[in-house]
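Asker: If you read the sequence shown in this note's numbering, its first letter stands for residue 7, the second for the next number, and so on.
Backbone N, C-alpha and C fix where the C-beta goes; we use that ideal spot for every residue, glycine too.
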Amino acid sequence: MIKRSFIGLTEPKLKCDLVEPGPKEPEAIPIPPRLILLLNEPLDSTKETLVKKGDMVNKGERIFLYKESKEYVAAPVSGTITTVAPFTGDFGELATYLVVETNAKQDIHKSFTESISIPDIQTADSYLRGIAGNPPLKLLAEAADGAKSNGINIKKIIISGIDQDILCTTRQFALTRFRDELSKAVAFLKQLTGISDISIVMPDALAKLSAFNGMNIVKISSDYVDSLSPMLMDKYLGISFVPGKTCEELGLCFISVEALFSLVKSYSQKEPVYEKIITIIDKKGKKSRVSATIGTPIHRIFTKIGVETAEKDRIIIGGPLRGVAAYTLYYPVTPDMDTLMVQDSSVIPTISDYPCINCGKCVRICPTNVPVNVLVRYLEANLYQDAADSYDLFSCIECGLCSYVCSAKIPIFQYIRLGKHELNKIELEMIKEAENV
Ligand code: SF4
Ligand code: SF4
């Protein structure tokens with residue numbers, strides 16, 4: 007693997023949008039009659055599931071597929087399970103979806119209220135995975151438990167008040183909304199995790215607000231690539247990016263401001279927080295913000311706030327550079343869904359299977375100096391290992407800029423994500439095999 011240093015962009019830099027001054031409260035979307043939950047474990051036709059059609063669940067109750075399952079999804083409402091079915095996610099990964107029909111009466115699950123008392127990372131992981139903002143509880147709990155840490159030693163937590171794509175402002179909104187309580191929330195996080203090195207990262211423009219005085223603030227520019235974790239770590243925190251290693255493997259854990267406040271509130275109110283703040287961008291680029299229960303099908307949001315969608319329009323989860331297309335309007339709100347965007351069918355950028363014309367735009371714009379024009383040839387030919395060994399696949403920080411500028415409209419970013427996914431899958435299989443020997 008070739009290691010390359012970061013270089014500045016040579017193309018004009020894209021800027022991130024800033025949250026508007028004095029933002030309004032998000033519009034609350036009513037809890038729908040049916041919610042869709044995604045559970046990150048595939049169904050196995052040879053085994054009987056613990057959860058069945060007709061089962062009653064209470065809000066905050068954990069739903070496991072099998073006795074030996076380690077993954078769970080928590081019920082965001084009290085209701086009745088009406089469907090347990092296979093689901094195919096990104097890159098054909100198999101999972102399970104459940105439909106919960108909402109009850110009129112909303113009770114909190116007993117074991118949740120009994121267990122959530124004193125902040126403790128293992129209990130938080132056992133009961134609060136999947137609350138709004140998706141706090142990295144599994145990572146923090148495993149890192150705290152020597153036996154499960156897999157060599158990951160989290161030394162520093164970064165509370166992120168910056169968004170991950172150019173038009174998104176959900177995290178900045180959460181930062182301005184909760185700014186007066188941030189100091190107490192940091193103290194809570196220290197108690198919960200036992201980690202005392204905690205900083206808050208935010209755009210320079212917001213750091214001027216007096217509410218943040220006395221806190222450990224990292225101010226960053228509004229340049230789009232600066233907002234991405236590996237770049238931020240390298241440029242502002244003095245921790246060098248190592249291709250092929252995650253920020254977590256380098257001792258750093260990111261948590262969004264919204265996720266932190268969901269945690270704080272889940273403890274203080276003794277009720278898990280499942281209302282997710284989402285920035286909505288309509289076809290004309292107009293932004294609004296909603297608060298919707300996790301599991302709400304996204305068409306309910308569009309209908310409630312009057313965002314029109316037509317056949318062949320593209321619904322993007324995330325922003326224009328890094329987002330992924332949703333193939334159905336029944337896709338549910340997920341704990342980490344910060345942005346939903348609708349693109350009119352007439353303006354969807356075309357993708358093609360034309361060959362690369364070697365214009366070099368991708369190479370010039372790449373912030374990590376990846377030889378994208380060569381890399382893409384290997385990825386197109388499914389030569390993933392060669393792409394990683396000789397053409398810097400793992401130096402890519404997934405900014406999406408190469409796809410954005412590509413003259414031949416090659417979906418380079420998608421090829422890169424697929425290549426990394428396939429290699430990670432092979433590595434996981436090899437680890438499993440080694441464990442079973
Ligand atoms: S997505 Fe493209 S431009 Fe961005 S870091 Fe990766 S290879 Fe470079
Ligand atoms: S931008 Fe597209 S066409 Fe131009 S060199 Fe890169 S891959 Fe080839």
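Helix, strand or coil for M239 per DSSP?
Answerer: Reduced to three states, the DSSP call for M239 is helix.
Asker: Is it the case that the CB of N364 approaches a heavy atom of ligand 3 more closely than 7 Å?
Answerer: In the structure on display, ligand 3 does not appear, and the ligands it does have are ligand 1 and ligand 2.
Asker: Where DSSP assigns a beta bridge to G85, which residues make up the other side?
Answerer: According to DSSP, which records beta bridges pairwise, G85 is partnered with V63, T108.
Asker: Any chance you could list the beta strand (DSSP E) runs of at least 3 consecutive residues sitting entirely within the stretch 242-275, in chain order?
Answerer: Those beta strand (DSSP E) runs which fall completely within the stretch 242-275 and span 3+ residues are 258-262.
Asker: I believe K161 touches G257 by the beta-carbon criterion, under 8 Å. Please report the beta-carbon distance rounded to the nearest angstrom.
Answerer: Confirmed, Cβ separation roughly 4 Å.
Asker: Can you list, in chain order, the residues of its chain whose CB lies under 6 Å from that of K19, leaving out five sequence neighbours each side?
Answerer: Here the set comprises D229.
Asker: In chain order, what residues of the same chain lie with their CB nearer than 6 Å to the CB of N46, ignoring the 5 residues before and after it?
Answerer: Cβ within range, chain order: E77, A101.
Asker: Can you determine whether any heavy atom of ligand 2 sits closer than 7 Å to the C-beta of S413, and answer yes or no?
Answerer: Answer for S413: yes, Cβ within range of ligand 2.
Asker: Could you give the uninterrupted runs of the beta strand (DSSP E) lying entirely in the stretch 287-327, keeping only those of 3 residues or more?
Answerer: Listed in chain order, the complete beta strand (DSSP E) runs (minimum 3 residues) inside the stretch 287-327 are 293-299, 320-323.
Asker: Decide yes or no for the touch test of the stretch 324-337 against the stretch 292-300: beta carbon pairs closer than 8 Å, at least 3 of them.
Answerer: The stretch 324-337 vs the stretch 292-300: no contact.
Asker: Is C22 helix, strand or coil by DSSP?
Answerer: C22 falls in the coil class under three-state DSSP.
Asker: Under a three-way DSSP split, which group does I172 fall into?
Answerer: I172: coil per DSSP, three-state reduction.
Asker: Can you tell me where the beta strand (DSSP E) holding A147 begins and where it ends?
Answerer: Premise fails: A147 lies in the alpha helix (DSSP H), 143-150, not in any beta strand (DSSP E).
Asker: Measuring CB to CB, does Q128 end up less than 8 Å from V25?
Answerer: The answer is no: Cβ separation not under 8 Å.
Asker: Please give me, in chain order, every unbroken run of the alpha helix (DSSP H) with length at least 4 that falls completely inside the stretch 197-227.
Answerer: Counting whole runs of 4 or more residues, the stretch 197-227 contains the alpha helix (DSSP H) stretches 210-213.
Asker: Just to confirm, does K76 get its C-beta within under 7 Å of one of the non-hydrogen atoms of ligand 2?
Answerer: Checking the Cβ of K76 against ligand 2 gives no.
Asker: Would a C-beta distance cut-off of 8 Å place D23 and I172 closer than the cut-off?
Answerer: A contact, by the Cβ cut-off of 8 Å.
Asker: Could you tell me which residues DSSP pairs with M347 in its beta bridges?
Answerer: Beta-bridge pairing links M347 to I287, I322.
Asker: Which residue comes first and which comes last in the beta strand (DSSP E) that contains K162?
Answerer: It spans 162-166 - the beta strand (DSSP E) in which K162 sits, taken as one unbroken run.
Asker: In the structure shown, what three-state DSSP assignment does F118 receive?
Answerer: Note: F118 maps to helix in three-state DSSP.
Asker: Taking 7 Å as the line, does the beta carbon of I172 fall inside it for any heavy atom of ligand 1?
Answerer: Not under cutoff, so the answer is no.
Asker: Could you give the distance in angstroms between the alpha-carbon of E428 and the alpha-carbon of Y390?
Answerer: Between E428 and Y390, the C-alpha separation is close to 8 Å.
Asker: Skipping 5 residues on each side, what residues in its chain have a beta carbon closer than 7 Å to that of F97?
Answerer: Cβ within range, chain order: L424, H427.
Asker: If you measure from the CB of F179, is any heavy atom of ligand 1 nearer than 7 Å?
Answerer: F179: no, Cβ never under 7 Å from ligand 1.
Asker: For the beta strand (DSSP E) that contains R135, what are its first and last residues?
Answerer: That residue, R135, is in no beta strand (DSSP E); it is neither H nor E in DSSP.
Asker: Report the three-state DSSP secondary structure of E33 (helix, strand or coil).
Answerer: Three-state DSSP puts E33 in a strand.
Asker: Please find out if some non-hydrogen atom of ligand 1 comes closer than 7 Å to the beta-carbon of L424.
Answerer: No; taking the cut-off as 7 Å, the Cβ of L424 has no heavy atom of ligand 1 nearer than that.
Asker: Beta-carbon within less than 6 Å of A4's beta-carbon, same chain only, minus the 5 sequence neighbours each way: which residues are those?
Answerer: Absent from the structure is residue 4, since the part of the chain shown begins at 7 and ends at 443.
Asker: So what's E77 in DSSP terms, helix, strand or just coil?
Answerer: Three-state DSSP puts E77 in coil, outside helix and strand.
Asker: Assuming L266 contacts L195 (C-beta within less than 8 Å), just tell me the rounded distance between them.
Answerer: Contact flag correct, Cβ pair sits at about 6 Å.
Asker: Relative to the C-alpha of P32, which candidate in I363, I311, G139 has its C-alpha closest?
Answerer: Answer by Cα proximity: I311.
Asker: Whole angstroms are fine: how far does the CA of V348 sit from the CA of F184?
Answerer: Using only the alpha carbons, I get a separation of about 28 Å.
Asker: Would you call the CB atoms of L381 and L407 closer than 8 Å?
Answerer: No, the pair does not count as a contact, with Cβ atoms beyond the cut-off.
Asker: Consult DSSP for K431 and reduce its assignment to one of helix, strand or coil.
Answerer: In the structure shown, K431 sits in a helix (DSSP, three-state: H, G or I).
Asker: How far does the alpha helix (DSSP H) with A394 in it extend, from its first residue to its last?
Answerer: 390-396 is the span of the alpha helix (DSSP H), which, as asked, contains A394.
Asker: Considering only residues of the same chain and omitting the five flanking positions on each side of I37, which have a CB-CB separation below 8 Å?
Answerer: The answer, listed in chain order, is V83, T108, T299, T302.
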